[in-house]
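Student:
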Amino acid sequence: MNKSFFRFAILLAVAIAAVAAIAFAVAPRSGSSDRTKMAVVGTFYPLAHFAEQVGGGLVTVANITPSGAEPHDYEPTAQDIEKAYAAKVFVMNGGGVDTWAERIKPDLKTKGVQVVDMQDTIALSAAPSGSETTLDPHIWLDPVLAEQEVALIRDAFVAADPTHAAAYQKNAAGYIAQLATLDAEYKTGLASCRLNDIVTSHAAFGYLAKRYGLTQIAISGLSPDAEPSVQEMVAIAKLAKKDDVKYIFFESLVSPKLSQAIATEVGAQTLSFNPLEGLSGAEVSAGKTYLTVMRDNLAKLRLALDCK
Ligand SMILES: [Zn+2]
């Protein structure tokens, strides 16, 4: 048993005891303000954000991965686990980006929490060979798959809280329409470009690249902390030079060092690209959301790929 799993098991035991104690303490009361809104938990930013869009004012959504952190290596606190058990609907991605959620999922279901696990319905692509996980989890960066995620959240909300079914359906339809507009903007914006390769910090853009006919060259693997070897770095730089890549992407939640090293080697510039695994405090304060960041990303893609 490794150390982090042992720590996780202790946290889980503590959290279950705490939830049981809270349930016992609040059981006789009903109709308190906490109970007027449905409690929802999302494992990281896009899932929590989509849940907010569908829930409107009818739900309270907790995002487990704190702003400024990225979900791949996030280990939940006892309080996080407590929130998961206290939720009516628990929204997770699967595919190795929120592994802690995969560990508690069976028990959450046993305890009556409605679990939306995106990987159960949306077929995940296999990870490239040599990856640290077997599946690619980054479905939220494809606007079309994001529409499917919103529909799955809507269905779970309707099942968990049928009284407000009409409101959830209306909210979901409105947001799905905005995602469809975003998809149309990507299609048009990337229709006529001189270049086709995007060199990214970690391999987050597989689904987006596939949707719009781009080729992703990732410096790290599927997880930002999977560092490449020197030989891999040299190979990436060679490929980028051969394909005349002018911009190398880096991410706000990950050190830009490797992207800068490749850019220097190739004689390219660096450009920030946001995989939406979390927003920083500054991004939240600036009013950034899934849709605004996706549009920022599109503008940068158009610059990097020299699109008309
Ligand atoms: Zn990622």
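Going by the numbering used here, the first residue of the sequence shown is number 1, and it counts up by one from there.
Heads up, the beta-carbon is just placed ideally off N, CA and C, and yes, glycines get one too.
Fair warning: this is a prediction, and the values are worked out from it, not measured in the lab.
Using 7 Å as the limit for Cβ to Cβ distance, is leucine 145 near chain B?
Tutor: In the structure shown, chain B does not exist; there is a single protein chain.
Student: From the DSSP output, which residues share a beta bridge with leucine 135?
Tutor: Ala126.
Student: Go ahead and pull the three-state DSSP assignment for threonine 43.
Tutor: In this structure, threonine 43 counts as coil in the three-state DSSP scheme.
Student: Give a yes or no on whether the C-beta atoms belonging to alanine 310 and leucine 222 are separated by under 7 Å.
Tutor: Since the displayed the chain opens at 1 and closes at 308, residue 310 lies outside it and no answer follows.
Student: Report all residues from its chain with a CB closer than 6 Å to the CB of leucine 358; omit the five preceding and five following residues, and keep chain order.
Tutor: Given that the chain is displayed from residue 1 to residue 308, the structure contains no residue 358 and the question cannot be resolved.
Student: Excluding sequence positions up to five away, which residues of its chain have a Cβ less than 7 Å from the Cβ of serine 30?
Tutor: Note that serine 30 scores 37 on pLDDT, short of 50, meaning its location in the model is unreliable; the coordinates nonetheless yield the value given after this. There are no such residues.
Student: Can you tell me where the beta strand (DSSP E) holding aspartate 197 begins and where it ends?
Tutor: Unbroken beta strand (DSSP E) run through aspartate 197: 197-200.
Student: Is the closest heavy atom of ligand 1 to the C-beta of alanine 204 under 6 Å?
Tutor: True, at least one ligand heavy atom lies under 6 Å from that Cβ.
Student: With distances taken between CB atoms, is the gap from proline 256 to phenylalanine 250 smaller than 7 Å?
Tutor: A contact, by the Cβ cut-off of 7 Å.
Student: Alpha carbon to alpha carbon, what distance is there between alanine 156 and methionine 38?
Tutor: Spanning the two alpha carbons is a distance of roughly 12 Å.
Student: Which one or two residues does DSSP pair with methionine 38 in a beta bridge?
Tutor: Val59.
Student: Measuring straight from C-alpha to C-alpha, what distance separates glutamine 79 and glutamine 53?
Tutor: Going by the C-alpha atoms only, they are around 24 Å apart.
Student: Count the other CB atoms, across all protein chains shown, that sit within 10 Å of the CB of proline 46; report buried if there are 16 or more and exposed otherwise.
Tutor: Per the 10 Å Cβ criterion, buried.
Student: Are the Cβ atoms of glycine 96 and threonine 133 separated by less than 7 Å?
Tutor: Taking 7 Å as the Cβ cut-off, glycine 96 and threonine 133 qualify as a contacting pair.
Student: At which residue ranges does the segment 269-308 contain complete beta strand (DSSP E) runs of 3 or more residues, listed in the order of the chain?
Tutor: Here the runs fully enclosed are 269-272.
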